Amino acid sequence: MQDLTNQVKILMSFISAALMSGCTAIELPVSESADLAQTEKPIVLSHAPVTLSSDWQLVWEDQFEGEQLNKRNWSLEVNCWGGGNNEQQCYTDDSNNAFVKDGFLHIVALKQSHTGPDNAEGTIGGATKTLPYTSARLSTKDKRDTKYGRYEIKAKLPGGQGSWPAIWMLPTDNKYGTWAASGEIDIMEAVNLNTLSDAAGAKNDDLESRIYGTLHYGRNWPDNVYKGQAATLPNGVNPTEGFHTYAIEWEEGEIRWYVDNIHYATQTQEGWYSQYEAEEGKLINASGAAPFDEKFHLLLNLAVGGAWSANANDKGIDEGLFPKTMLVDSVKVYRCKVDRWKGKGCASRSEHAIQVIGHEAPEILATDDSYADGPTLEIFTETLNASLAYASYDPLDIVDYQEVTEPDRGTVLQVNKNQGSGNIYFRSPVTDVTHWQETGELVFDLKVESMADGVELLVKMDSGWPKTSDYTVPLSSINEWKTVRIPVADILKRDNRFAGGNQADPTTITNLLVFEPQGEMSFKLDNIRFEK
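Anchor point for the sequence shown: position 147 equals 147 in the UniProt record's numbering, and the numbering is continuous, going up by one each time.
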């Protein structure tokens with residue numbers, strides 16, 4: 001039995017209605033990961049702090065003195081986009097959401113309805129959205145962009161169900177393409193601090209106290225990946241109880257994470273990659289330490305709800321706890337005097353830090369213009385077509401798929417999914433299926449082994465969000481093999497039910513088929529093909 005679930009754990013070009021209120025085809029500066037299912041077991045920070053090198057040279061800092069936000073350092077985002085994670089706040093430039101007072105930056109999430117642009121850039125004149133909370137996101141983009149160095153942010157984090165504070169970095173120029181091919185560095189994020197912990201092995205009265213450091217990289221969304229490390233503070237201290245300094249040291253080929261100078265995690269370029277589109281849309285592997293070899297900028301924000309925090313701990317948002325405030329005492333950015341161009345020579349390392357094992361770059365599918373030609377296209381018969389690759393959208397770690405042996409059939413594809421958003425799909429080279437649209441049928445054998453009441457199974461064809469068409473597969477029996485036949489034209493003429501008015505483009509299919517149960521379901525697939 002071959003387990004395929006973790007071979008290619010990458011997002012597909014769809015996010016369901018539960019998660020999708022903000023996703024668009026534009027650049028996706030997704031603030032925080034939709035989940036950290038691939039984050040390692042938390043490390044308890046019981047080892048000693050490191051001694052910092054004296055060769056770190058201060059480049060800029062903000063101590064948040066006076067009564068005004070320093071606009072030479074910071075811009076305020078204005079949008080009701082939802083961060084790509086179905087977050088429930090509008091980011092505003094209102095002084096009630098971000099202000100400087102008593103030597104601190106206050107980032108305040110308020111329970112108040114607000115209407116604003118439904119796009120990441122905050123462009124006025126297009127679609128708008130109304131959300132029930134307001135908050136602030138501050139950015140140093142085009143003001144304090146840097147490459148390599150030590151980044152320290154001293155902050156006190158809010159707690160409560162639905163709170164999602166983040167300190168993170170995005171690339172300024174997106175040299176390798178849109179998110180996340182050009183990378184994302186999460187210095188610190190946390191959700192639902194001080195609620196009952198849902199960590200594995202937690203006792204009934206344990207409170208949520210984990211903080212996370214993560215890298216996002218790979219390909220343009222939806223084919224990105226991520227890996228990170230969780231940590232808890234010494235002696236059971238909760239991050240809400242006081243100020244702590246969250247930091248990274250970033251040099252060519254290596255990024256290290258710290259809390260109060262305790263080095264707890266390291267990632268190196270052997271565990272990250274960037275694959276981006278070059279001429280004629282062909283994917284190539286970026287060289288060296290890409291994507292983390294370009295200038296990045298800082299972001300500070302407090303999100304409300306969203307795909308991660310609303311689906312963890314007590315679930316949802318505790319409306320009675322607002323307003324919530326993230327306090328920032330200082331931001332300091334240093335460069336290494338030893339080698340300012342590569343950032344090397346100032347590392348502060350601990351032997352107790354976790355070496356996070358990242359992801360190998362997946363094989364780049366060869367562009368085969370003929371693989372979909374002919375009167376029959378065998379997609380899965382005993383194994384997957386060599387021109388395709390397994391992939392999955394699985395933000396909640398609820399989808400499992402594997403090739404298994406079925407009596408009297410041989411190898412079939414087993415798919416199990418729990419409640420929540422997720423699917424399996426077959427990633428393909430850009431494929432023109434026009435000739436299949438004219439007279440072809442999608443044919444496959446299906447055996448539903450179990451399913452929750454009323455659950456639908458969708459099959460989709462996908463040209464990149466939101467250009468997706470979906471079709472409801474008829475389900476009639478349990479534990480019995482049935483052959484399903486669907487005219488390809490019937491799939492392609494249907495809209496994306498989660499973004500009405502959009503359909504797949506038959507000349508540019510990028511995910512040939514998507515199988516997506518809308519709830520709990522266990523099923524098997526065999527003999528998947530297009531035929532005329």
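C-beta atoms are modelled at their ideal positions from N, C-alpha and C, and glycine is treated no differently.
Computed from a predicted structure; not experimentally measured.
Three or more Cβ pairs closer than 8 Å define a contact, and the region 232 to 240 falls short of that threshold against the region 323 to 335. Residues of the same chain with a CB within less than 7 Å of the CB of Glu520, apart from the 5 flanking positions on each side, are Lys417, Asn418, Gln419, Met451, Ala452 and Val455 in chain order. In this structure Pro466 does not touch Asn423 by the C-beta definition: roughly 16 Å separates them, more than the 8 Å allowed. Annotation for Ile491: the continuous alpha helix (DSSP H) segment containing it runs Val488 to Leu492.
Under the three-state reduction of DSSP, Gly218 is assigned to strand.
Beyond the five residues adjoining it in sequence on each side, Glu441 comes within less than 8 Å, by CB distance, of Arg485, Ile486, Pro487, Val488, Phe530, Glu531 and Lys532 in the same chain, given in chain order.
The shortest CA-to-CA distance from Cys336 to any of Arg409, Trp250, Phe292 and Thr92 is the one to Trp250. Here DSSP, grouped into helix, strand and coil, assigns Asn511 to strand. If you check the CB distance, Asp462 and Ala504 come in under 8 Å. Cβ contact annotation for Gly103 (same chain, cutoff 8 Å, sequence separation greater than five): Gln63, Phe64, Glu65 and Asp329, in chain order. For the options Glu189, Ile528 and Asp223, the alpha carbon positioned closest to that of Ile379 is the one of Ile528. Residue pairing from DSSP leaves Trp341 without any beta-bridge partner. Rounded to whole angstroms, the Cβ separation of Tyr264 and Leu45 is 6 Å, and the two are in contact under 8 Å.
DSSP lists Phe530 as the beta-bridge partner residues of Leu377. Rounded to whole angstroms, the Cβ separation of Lys227 and Gly271 is 7 Å, and the two are in contact under 8 Å. Between the region 136 to 145 and the region 353 to 363, the count of C-beta pairs closer than 8 Å stays below three; the two stretches do not touch. Non-local beta-carbon contacts of Ile357 in its own chain, meaning distances under 7 Å to residues more than five positions away in sequence, involve Gly271 in chain order. Note on Gln355: under 16 other CB atoms within 10 angstroms of its CB, so exposed under the neighbour-count rule. Take the alpha-carbon of Val443 and the one of Ile491: they are about 12 Å apart.
Taking all protein chains shown into account, Ile124 has fewer than 16 neighbouring C-beta atoms within 10 Å of its C-beta and is therefore exposed. The beta carbon of Arg150 sits closer than 6 Å to those of Trp56, Glu249 and Tyr334, all from its chain and outside the five residues before and after it, given in chain order. In the DSSP assignment, Trp436 falls within the unbroken alpha helix (DSSP H) covering Thr434 to Thr439. In this structure the region 71 to 82 does not lie against the region 276 to 296, because fewer than three pairs of beta carbons, one per stretch, are closer than 8 Å. Boundaries for Ile124: no beta strand (DSSP E) harbours it, and the DSSP string shows neither H nor E there. The region 336 to 349 and the region 71 to 78 do not touch, with fewer than three beta-carbon pairs separated by less than 8 Å.
Here DSSP, grouped into helix, strand and coil, assigns Asn204 to coil. In this model, Thr468 and Asp394 are separated by some 18 Å (Cα to Cα). The three-state reading of DSSP puts Glu319 in helix, counting H, G and I together. Per DSSP, Lys143 has no beta-bridge partner at all.
Spanning the alpha carbons of Leu512 and Asn261 requires a straight line of approximately 48 Å.
Counting along the chain, Ala166 sits inside the beta strand (DSSP E) bounded by residues Ser163 to Pro171. Residue pairing for Thr128: DSSP places it in a beta bridge opposite Pro117. By the neighbour-count criterion, in which a residue is buried when 16 or more other Cβ atoms sit within 10 angstroms of its Cβ, Ala278 is exposed.
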